[in-house]
Amino acid sequence: MMPWFMPRADARHFVAGLTLLLSAAIGLDAQQSYPTAWDPALLNRPDIRAALAHLEQGMPKQVEEWIHIAQMPGQPGFEQERGAYVKAEMEKAGLRVSVDSMGNVTGVRAGTGGGPTIVFAAHMDIVFPKETDTRVRRDGDTLRAPGVFDNSASVANMLATIRALNAARIRTKGDLVFVGTVQEEVGLRGMAHWLANNPRPDLLIAMDGGLGPISYGALGIYWTRYRYKAAGAHTLRSRGEPTPVRALADAIQRIYALQPPPLPNGAVINVGQVHGGEIFNGIPQDLFFTVDLRSSDPALLDSLDRQITRIAQESAARERVELVVEVEQKNGAGGTEAMLAGARRHPLVQTAIDIQRHLGVRVGMPGASEALATGSTDANVGVVMGIPSISIGRSYGGENHTLTEWAHWPSALEGTKLTLLLATTFGDGIRAVPPRVVP
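Quick note on numbering: the UniProt record's numbering labels position 253 of the sequence shown as 253, and the sequence is numbered without any gaps.
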């Protein structure tokens, strides 16, 4: 499977030739050579300098807006207040704005023509229910609140990028499409809907994650609920009767015995929920367990999914109980690192890395990889569809999906500059330029 789509003929030919030249080096620890579109000379343009200065000067207001967004309800499926705000701000900026049936907010900054279509997507939802207290507490250079990092920061970064482009009167040949997506946290549903109902973009950049390695892959995630049902009986009449408990226990034990190879090239299986039964003195009539299955290898992911379902079916048959299989989400895998060797050589990946280097972004401990062939963001949908896709960080932060979530607000400036420089680097075309040797 060709995991990425190259929209320009010259880029296709370049990457195809480069693939042959570098194929012997794939999988080795030796230095690799990757094409990049980043040219520091871009920073000599007065309009680019003006846009970056606008971001620097506007950082206090950006943080205020970030806090404002973070304190709005954002439970998946209930992003309406955030969506209305994003829509209004995009309209003020002069974008062509629309809202689809799911609630995704799209703002198109039209190009002059002849350039690529680049999508920047920032999901508006957070994992927390509506009643969660999301009031933001400022603690020096840190913002603290549930959802303040994931992903309220990226929504503010996106709006700041739009305003900076306008303030500097930057024009691009290609359309820059900014999307506030919904329901990312429950299966990337908003992005999947958007890509299914809009023209295929040339590049997709998800604004999601902490500053650090650039993600160009897609970790496949299957969530399935296995529900066992039986007639039930009082404890005194339970001997020899079918019971969902034995079926469930047998299935879970056999599932954990599968032991696939570990990530990043293997898989991980977790039974996260077990629920059922209402009383001490009776056979439960309804019992379920859930499986969270993850792998970057599409074939392995599907093979394990079939094995797990077969185990659940066999356990049900052995115990003479009914089995109902409920699929909660099924997000496809983009491929292992070896499978995504071509994707790694797309200029989008190395360009983002080079811009981060220019901005001084830390990627972790010395020697840490600057690019990861995995990910769990809106970019996953694009990766699986073969669209050149990456996810980029918003700021430094941590404790995502907890009540103690935090974000380092000064570093959002680097995250926003990264977005702007990607837009202006690729806005006039996806250039295949001489490769750069990378350790």
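Cβ coordinates follow ideal geometry from the N, Cα and C atoms, glycine included.
Notebook entry, point to check: What does a CB cutoff of less than 6 Å around D286 pick up in its chain, not counting 5 residues either side in sequence?
Noted result: In the sequence shown, the residue the question calls residue 286 occupies position 286. Here the set comprises K229, G276.
Checklist line | Contact belief for L403 with P146 at Cβ below 8 Å, rounded distance in angstroms | finding: Here residue 403 corresponds to residue number 403 of the sequence shown, with the count starting at 1. Here residue 146 corresponds to residue number 146 of the sequence shown, with the count starting at 1. L403 to P146, Cβ: 5 Å. Contact.
Next item on the list: Buried or exposed for Y256, please, with buried defined as at least 16 other CB atoms from any protein chain shown within 10 angstroms of its CB.
Entry: In the sequence shown, the residue the question calls residue 256 occupies position 256. With a 10 Å radius around the Cβ and a threshold of 16 neighbouring Cβ atoms, Y256 comes out exposed.
Next item on the list: Enumerate in chain order the residues of its own chain whose CB-to-CB distance from N151 is below 8 Å, with the five nearest sequence positions on each side excluded.
Entry: For this step, residue 151 is matched to residue 151 along the sequence shown. Once the five neighbours on either side are set aside, the close Cβ partners of N151 are A122, H123, M124, D125, I126, E184, M207, D208, R394.
Margin query: According to DSSP, is P244 part of a helix, a strand, or is it coil?
Written below: Position 244 of the sequence shown, counted from the start, is the residue given in the question as residue 244. Three-state DSSP puts P244 in a helix.
Notebook entry, point to check: My guess is that P388 and H346 are in contact by the Cβ rule of under 8 Å, so how many angstroms apart are they, rounded?
Noted result: Counted from its first residue, the sequence shown places residue 388 at position 388. Counted from its first residue, the sequence shown places residue 346 at position 346. Confirmed, Cβ separation roughly 5 Å.
Check: F289 lies in the beta strand (DSSP E); which residues open and close that run?
Finding: On the sequence shown, position 289 is the one that residue 289 refers to. Looking at the DSSP string, the run of the beta strand (DSSP E) that includes F289 is 286 to 295.
Note to self: Relative to the C-alpha of G330, which candidate in S295, P76, S315 has its C-alpha closest?
What the structure shows: Along the sequence shown, one-based indexing puts residue 330 at 330. The sequence shown places Lys at residue 330, not Gly. Comparing Cα-Cα distances from K330 to each of S295, P76, S315, the minimum goes to S295.
Item checked: Stretch pair the segment 32 to 45 + the segment 336 to 355: three plus CB contacts closer than 8 Å -> yes
Checklist line | Cβ pair E399, E405 closer than 7 Å | finding: Position 399 of the sequence shown, counting from 1, holds the residue named residue 399. Position 405 of the sequence shown, counting from 1, holds the residue named residue 405. For E399 and E405, yes; Cβs fall inside 7 Å.
Margin query: Per DSSP, what are the beta-bridge partners of D139 in this structure?
Written below: Residue 139 sits at position 139 when you count from the first residue of the sequence shown. Per DSSP, T142.
Item checked: Reduced DSSP secondary structure (H/G/I, E/B, other) of P40 -> As a first step, residue 40 is located in the sequence shown; it is residue number 40 there, counting from the start. The answer is helix: DSSP assigns P40 an H, G or I state.
Item checked: Selected residue, minimal CA-CA separation from A412, among A41, L52, P46 -> Counted from its first residue, the sequence shown places residue 412 at position 412. The candidate whose alpha carbon is nearest that of A412 is L52.
Next item on the list: Pull up the distance between the alpha-carbon of K130 and that of V99, whole angstroms please.
Entry: Start at 1 with the first residue of the sequence shown, and residue 130 comes out as number 130. Start at 1 with the first residue of the sequence shown, and residue 99 comes out as number 99. When rounded, the distance between both Cα atoms is 22 Å.
Next item on the list: Report yes or no: do three or more beta-carbon pairs, one from the segment 307 to 319 and one from the segment 358 to 369, lie closer than 8 Å?
Entry: Taking one beta carbon from each stretch, the segment 307 to 319 and the segment 358 to 369 have fewer than 3 pairs nearer than 8 Å; the two do not touch.
Checklist line | Whole-angstrom distance between G240 and W223, CA atom to CA atom | finding: Taking the first residue of the sequence shown as position 1, residue 223 is located at position 223. Taking the first residue of the sequence shown as position 1, residue 240 is located at position 240. If you take the alpha carbons of W223 and G240, they lie about 33 Å apart.
Next item on the list: Just the C-alpha distance for R227 and G115, rounded to the nearest angstrom, thanks.
Entry: Position 227 of the sequence shown, counting from 1, holds the residue named residue 227. Position 115 of the sequence shown, counting from 1, holds the residue named residue 115. Roughly 51 Å separates the two Cα atoms.
Notebook entry, point to check: Out of N44, Q32, M59, which has the shortest C-alpha to C-alpha gap to K417?
Noted result: Within the sequence shown, residue 417 is the residue found at index 417, counting from 1. It is M59 whose Cα lies nearest to the Cα of K417.
Note to self: Suppose only complete runs of 3+ residues qualify. What are the beta strand (DSSP E) ranges in the segment 105 to 131, listed by chain order?
What the structure shows: You should have 105 to 109, 118 to 123.
Check: Between P242 and V321, is the Cβ-Cβ spacing less than 7 Å?
Finding: The count along the sequence shown starts at 1 and reaches residue 242 at position 242. The count along the sequence shown starts at 1 and reaches residue 321 at position 321. Against a cut-off of 7 Å, the Cβ pair of V321 and P242 comes out as a contact.
Check: Which whole-angstrom value is the C-beta distance of G113 and G427, which I expect to be below 8 Å?
Finding: As a position in the sequence shown, residue 113 is number 113, starting the count at 1. As a position in the sequence shown, residue 427 is number 427, starting the count at 1. About 12 Å; that fails the 8 Å criterion.
Item checked: V325 burial status per 10 Å Cβ neighbour count (16 or more: buried) -> For the purposes of this step, residue 325 is taken as the residue at position 325 of the sequence shown. Its Cβ having fewer than 16 others within 10 Å, V325 is exposed.
Next item on the list: Please name the residue, chosen from L188, L143, I353, N104, that lies closest to Y396 on a Cα-to-Cα basis.
Entry: Here residue 396 is taken as the residue at index 396 of the sequence shown, counted from 1. Measuring from the Cα of Y396, the nearest candidate turns out to be L143.
Check: Are G94 and A218 close, meaning C-beta to C-beta below 7 Å?
Finding: For the purposes of this step, residue 94 is identified with residue 94 of the sequence shown, where counting begins at 1. For the purposes of this step, residue 218 is identified with residue 218 of the sequence shown, where counting begins at 1. By the CB criterion at 7 Å, G94 and A218 fall outside the cutoff.
Item checked: Neighbourhood of L421 by C-beta distance below 6 Å, restricted to the same chain and skipping five residues each side -> For the purposes of this step, residue 421 is identified with residue 421 of the sequence shown, where counting begins at 1. Counting only Cβ-Cβ distances below 6 Å, and skipping sequence neighbours, we find I355.
Notebook entry, point to check: Excluding five sequence neighbours on each side, which residues of the same chain lie with their C-beta closer than 7 Å to the C-beta of L188?
Noted result: Within the sequence shown, the letter at position 188 stands for residue 188. By the criterion of a C-beta distance shorter than 7 Å, L188 is surrounded in its chain by N331, D378, N380, V381, once the five residues flanking it on both sides are discounted.
Check: Quick one: is D174 buried, meaning 16 or more other Cβ sit within 10 Å of its Cβ, or exposed?
Finding: The residue labelled residue 174 in the question sits at position 174 within the sequence shown. Per the sequence shown, the amino acid found at residue 174 is Gly instead of Asp. When all chains shown are included, G174 counts as buried.
Note to self: Taking 7 Å as the limit between beta carbons, can you name the residues of its chain near E79, skipping five residues before and five after?
What the structure shows: Here residue 79 refers to the residue found at position 79 of the sequence shown. Excluding residues within five positions, the ones whose Cβ falls inside 7 Å are G103, M124, D125, V182.
Check: If you follow the alpha helix (DSSP H) that M191 is part of, which residue opens it and which one closes it?
Finding: As a working mapping, residue 191 is identified with position 191 in the sequence shown. Start and end: 189 to 196.
Check: G375 by DSSP, collapsed to three states: which one?
Finding: Locating residue 375 in the sequence shown gives position 375, where the first residue counts as 1. G375: coil per DSSP, three-state reduction.
Next item on the list: Please check the pair V86 and G180, which I expect to be a contact at CB under 8 Å, by giving their CB distance rounded to whole angstroms.
Entry: Here residue 86 corresponds to residue number 86 of the sequence shown, with the count starting at 1. Here residue 180 corresponds to residue number 180 of the sequence shown, with the count starting at 1. The pair is a contact, with the Cβ atoms about 4 Å apart (cut-off 8 Å).
Next item on the list: Over the uninterrupted alpha helix (DSSP H) stretch that includes V97, give me the two end residues.
Entry: Mapped onto the sequence shown, residue 97 falls at position 97. Per DSSP, V97 belongs to no alpha helix (DSSP H); it is in the beta strand (DSSP E), 96 to 99.
Next item on the list: Pick helix, strand or coil for T224, following the three-state DSSP scheme.
Entry: Here residue 224 is taken as the residue at index 224 of the sequence shown, counted from 1. In the structure shown, T224 sits in a strand (DSSP, three-state: E or B).
Note to self: Give me, in chain order, the residues of the same chain whose beta-carbon lies closer than 8 Å to that of G27; leave out the 5 immediate sequence neighbours on both sides.
What the structure shows: Mapped onto the sequence shown, residue 27 falls at position 27. Its pLDDT being 40, under 50, G27 is placed unreliably in this model, and the coordinates cannot settle the point.
Notebook entry, point to check: With 16 as the cutoff for other CB atoms within 10 Å, does E278 come out buried or exposed?
Noted result: Residue mapping note: residue 278 aligns to position 278 of the sequence shown, counting from 1. Exposed, because fewer than 16 other Cβ atoms sit within 10 Å of the Cβ of E278.
Notebook entry, point to check: Nearest CA to the CA of V153: which residue from T419, T425, A167, G272?
Noted result: Counting from 1 along the sequence shown, the entry for residue 153 is found at position 153. At residue 153 the sequence reads Ala, which differs from the Val that was named. Checked all of T419, T425, A167, G272; the closest Cα to A153 is T419.
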